[in-house]
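2 protein chains.
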Amino acid sequence: MRPISSSLSIGFSKHGAPESSLALQRTLLSSRRDAVTVRFRLSPVNPADINQIQGTYPILPKLQPNLLQNDSETPFAICGNEGVAEIISVGENVDTSGKDWIKVGSRVVMKSTGAGTWSQYAVMDPSNLIPMNHTGVSDLTAATIMVNPCTAYRMLRDFEDLKPGDTVIQNGANSAVGQAVIQIAKSRNLKTINIIRGTTATTPRNSTTKSATPSPPRPDLDALKSRLTALGADMVVTEEELRADRSIQQHLKSSSTIKLGLNCVGGKSAASIARWLQPGASLVTYGGMSKQPVEIPTSLLIFNDLKVKGFWMTRWNELAASKAELEVEREAMIRELCRLSAAGLLATPDCEIVDVAGDGPDSLEIVKRAVDVAMRGGSGKKQVFRFL
Amino acid sequence: MRPISSSLSIGFSKHGAPESSLALQRTLLSSRRDAVTVRFRLSPVNPADINQIQGTYPILPKLQPNLLQNDSETPFAICGNEGVAEIISVGENVDTSGKDWIKVGSRVVMKSTGAGTWSQYAVMDPSNLIPMNHTGVSDLTAATIMVNPCTAYRMLRDFEDLKPGDTVIQNGANSAVGQAVIQIAKSRNLKTINIIRGTTATTPRNSTTKSATPSPPRPDLDALKSRLTALGADMVVTEEELRADRSIQQHLKSSSTIKLGLNCVGGKSAASIARWLQPGASLVTYGGMSKQPVEIPTSLLIFNDLKVKGFWMTRWNELAASKAELEVEREAMIRELCRLSAAGLLATPDCEIVDVAGDGPDSLEIVKRAVDVAMRGGSGKKQVFRFL
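Just so you know, the protein sequences line up as chains X and F, in that order. For the first sequence, full-length UniProt numbering assigns the number 1 to the initial residue and increments by one for each residue that follows. For the second sequence, full-length UniProt numbering assigns the number 1 to the initial residue and increments by one for each residue that follows.
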């Protein structure tokens with residue numbers, strides 16, 4: 001097999017709106033003796049990818065000269081943080097001792113942020129890869145397991161010592177992380193109270209403008225409730241029901257103590273979760289879909305000893321890179337998530353595979369459309385690139 | 001000396017506005033063989049006392065029949081949580097072994113909330129008392145040391161491991177706790193950045209109505225800055241300066257890392273502190289003067305690992321009651337605060353002594369006026385009852 005010397009990559013030369021910033025370029029692939037070359041099989045679009053293009057994410061991909069372009073002065077950054085790949089060549093100086101998975105054909109996922117997964121190929125240090133050779137785990141599952149399910153798994157583990165029968169309350173329960181929370185909690189015999197919007201959003205998820213008019217009722221509310229219940233949700237209520245429905249409030253008051261709240265909405269929605277938490281509980285924020293700051297009633301902090309924290313999978317991964325005990329913990333996490341997935345207890349999100357066939361303008365349009373769909377969040381399907 | 005059988009007490013029979021609820025009654029004092037009788041020397045008015053009258057505080061004094069009243073069916077609760085007293089008699093069954101301070105004439109302060117200090121006398125279990133026989137500590141200092149200075153002391157100790165040279169940022173820096181923070185921090189070689197309102201409030205501190213019009217400029221701003229600086233503040237800025245003044249922002253950016261934020265205001269003021277904290281720092285809320293929920297930008301929680309917590313001295317005292325190591329910690333705290341006070345390094349707040357001479361309507365008017373002054377916070381002086 002002739003060594004591969006270039007890769008088709010989705011990226012940008014300047015931060016801005018994806019619509020105008022995104023580009024498709026062929027980039028140089030310099031194989032290294034101490035690295036492996038991988039071919040990406042599937043590369044999902046996550047909100048962080050979009051924020052990186054916009055330049056608003058705290059970690060940004062590196063802009064560097066693309067020597068394959070005529071205009072090599074203009075730097076180019078390759079997008080994409082999550083993905084599943086296979087090893088297609090192993091450098092002769094790579095130390096494979098004790099790591100028999102470092103071989104051609106092995107399926108791998110990315111250990112940390114910034115791998116540049118929106119690309120056909122990449123040359124990578126094997127220490128940045130995690131083997132994903134578990135049986136019964138599809139490529140789509142492998143491609144989408146390292147961000148959302150891992151976030152859900154860690155939040156259910158790292159903040160409160162939850163015992164079977166304990167309850168977790170979360171907003172944005174229909175998000176990818178929210179659905180993973182429901183399923184992982186179920187597998188641990190934890191109860192979940194799940195809050196969803198009862199109205200449709202009138203602004204795109206990534207828009208910074210705020211809607212001044214109330215949103216219309218969500219047409220698929222009953223179907224959504226049924227779907228989350230089928231995943232294992234013990235209770236699914238809308239924000240409005242939680243605020244106004246006495247019988248729901250009474251049920252929450254009489255239900256077992258609620259030790260953990262998970263917030264991906266912010267604003268008053270965070271406060272409305274916080275109110276149901278038992279004294280000393282944790283409210284963990286991992287997203288901010290409303291674009292409003294997290295609001296916490298002062299009395300809950302002072303008198304209820306509420307602890308308000310945040311979770312970022314990227315930081316956990318950085319920590320794990322320097323702590324042996326967390327590496328062990330990560331292996332256990334991936335093993336458990338793969339076990340749940342293979343057993344049908346952790347559903348892979350609905351995905352739309354977006355084929356990228358070349359670097360022509362038609363392909364770029366397809367890429368931009370997929371990113372736009374991901375930004376609007378309207379299709380309900382996760383956009384996943386596949387390079388042909 | 002004839003045993004004392006009744007006490008003049010400030011209290012209420014029904015929760016409500018202090019103006020209408022407060023009453024002065026003679027209450028029965030039943031001495032007990034296993035308790036001591038104390039005479040209160042000074043009894044400060046704190047915000048918690050007012051909230052207890054209003055019925056909005058999470059711990060409320062007990063309403064019980066007052067057998068000395070003609071209408072003994074109507075229950076009465078004695079107000080007051082903080083105060084300095086002296087032991088005037090010791091029950092014959094009180095175990096004084098190893099506690100030679102349990103004797104007539106000893107000066108004591110209250111260990112926990114709910115002692116009913118707005119009274120001439122009280123019969124108390126000695127386990128609820130703390131000896132306060134340190135030299136060079138005035139009655140006024142002793143009367144006001146267990147709430148505000150202790151709150152400041154604990155917040156500077158229990159959340160972050162602060163080393164000399166580390167920086168603390170706080171809002172409401174002119175509050176009693178804020179001033180104690182400045183002085184205790186100074187004694188530990190910690191730097192403080194102190195945020196004050198640059199405008200005067202137009203609503204009483206305990207009002208729940210919000211002001212719709214902007215407040216007028218604070219006339220005493222320069223004097224206030226000088227006073228806090230004289231206490232040891234490294235920097236004193238207004239909310240407005242912090243938001244708009246580039247040179248102040250530049251200074252904060254270049255100053256040493258800020259590990260701890262203290263918030264007694266809430267709303268956007270909490271957010272504006274949170275922004276200056278280093279990653280992983282703690283923002284501790286102990287008050288909510290603005291009556292607005294604490295606002296925290298989502299990104300600080302997720303990307304900066306900000307920890308948002310609350311502090312309540314009452315909870316700490318409850319914890320300490322059941323943990324021997326915290327009792328030791330409390331003794332060290334009181335010793336240190338008394339040392340600072342005696343050395344002139346921890347100023348006693350400006351106080352106005354309010355004499356209560358009898359149970360007539362004139363006396364009640366004097367009591368109500370003092371509570372009103374405390375609610376409005378306008379005089380700048382702490383109101384302290386003294387029963388004649």
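C-beta atoms are modelled at their ideal positions from N, C-alpha and C, and glycine is treated no differently.
Is the CB of residue i under 8 Å away from at least one CB in chain F?
i, result
"residue 393 of chain X", "An answer regarding residue 393 of chain X cannot be provided, because it is not within the stretch 1 to 388 covered by chain X."
"L60 of chain X", "no"
"T151 of chain X", "no"
"L29 of chain X", "no"
"G380 of chain X", "no"
"L140 of chain X", "no"
"L242 of chain X", "no"
"L162 of chain X", "no"
"residue 393 of chain X", "A query on residue 393 of chain X cannot be resolved here, the shown segment of chain X reaching from 1 to 388 and no further."
Whose C-alpha, out of the options, is nearest the C-alpha of residue i?
i, options, result
"G266 of chain X", "X:T257, X:L260, X:V284", "X:V284"
"R32 of chain F", "F:N93, F:V45, F:I78", "F:N93"
"V90 of chain X", "X:T167, X:S30, X:N148, X:Y286", "X:S30"
"L337 of chain F", "F:V373, F:V137, F:D166, F:T56", "F:V137"
"A142 of chain X", "X:T167, X:G83, X:T238", "X:G83"
"E352 of chain X", "X:A180, X:A270, X:T144, X:L224", "X:T144"
"P131 of chain X", "X:Q250, X:V104, X:Q64", "X:V104"
"A77 of chain F", "F:T257, F:S13, F:V177, F:K99", "F:S13"
"Q120 of chain F", "F:A233, F:R376, F:R369, F:A357", "F:A357"
"A185 of chain X", "X:E160, X:E240, X:I196, X:Q383", "X:E160"
"A35 of chain F", "F:M313, F:S72, F:P47, F:I88", "F:I88"
"M235 of chain F", "F:S175, F:S269, F:I169, F:A320", "F:I169"
When DSSP labels each residue in this structure, what does residue i get in the three-state scheme?
i, result
"K225 of chain F", "helix"
"C150 of chain X", "helix"
"P293 of chain X", "strand"
"C338 of chain X", "helix"
"I145 of chain F", "coil"
"S9 of chain X", "strand"
"E240 of chain X", "helix"
"K186 of chain X", "helix"
"G178 of chain F", "helix"
"A23 of chain X", "strand"
"V328 of chain X", "helix"
"E365 of chain X", "helix"
"V371 of chain F", "helix"
With a threshold of 8 Å between beta carbons, is residue i in contact with chain X?
i, result
"V108 of chain F", "no"
"P293 of chain F", "yes"
"T113 of chain F", "no"
"I296 of chain F", "yes"
"L156 of chain F", "no"
"residue 415 of chain F", "No statement about residue 415 of chain F is possible, as the shown extent of chain F runs from 1 to 388 and does not include it."
"G288 of chain F", "yes"
Just to confirm, is the Cβ distance from residue i to residue j under 8 Å?
i, j, result
"R386 of chain X", "D355 of chain X", "yes"
"P293 of chain F", "P297 of chain X", "yes"
"R275 of chain X", "L300 of chain X", "yes"
"A115 of chain X", "N81 of chain X", "yes"
"N194 of chain X", "L156 of chain X", "no"
"C79 of chain F", "I59 of chain F", "no"
"G380 of chain X", "G287 of chain X", "no"
"S6 of chain F", "T27 of chain F", "yes"
"E240 of chain F", "G198 of chain F", "yes"
"R39 of chain X", "E86 of chain X", "yes"
"S272 of chain X", "R246 of chain X", "no"
"S282 of chain X", "K253 of chain X", "no"
"T117 of chain F", "M124 of chain F", "no"
"V328 of chain F", "I10 of chain F", "no"
"Y57 of chain F", "N51 of chain F", "yes"
"A223 of chain F", "A180 of chain F", "no"
"A23 of chain F", "L364 of chain F", "yes"
Counting only beta-carbon atoms, is residue i nearer than 8 Å to chain B?
i, result
"I50 of chain F", "In the displayed structure, chain B is absent; the protein chains listed are X and F."
With a threshold of 7 Å, establish whether the CB of residue i neighbours any heavy atom of the ligand NAD.
i, result
"L129 of chain X", "The ligand NAD is absent from the structure shown, which contains no ligand whatsoever."
Any residues in the region 303-334 of chain F with a beta carbon nearer than 9 Å to a beta carbon of chain X? Which ones, in chain order? F303, N304, D305, L306, K307, V308, K309, G310, F311, W312, T314, R315
Interface residues of the region 259-281 of chain F facing chain X [CB-CB below 7 Å]: G266, A271
Residues of the region 164-191 of chain F with Cβ closer than 8 Å to any Cβ of chain X, in chain order: none
At a CB distance below 9 Å, what residues from the region 88-109 of chain X approach chain F? Give them in sequence order. none
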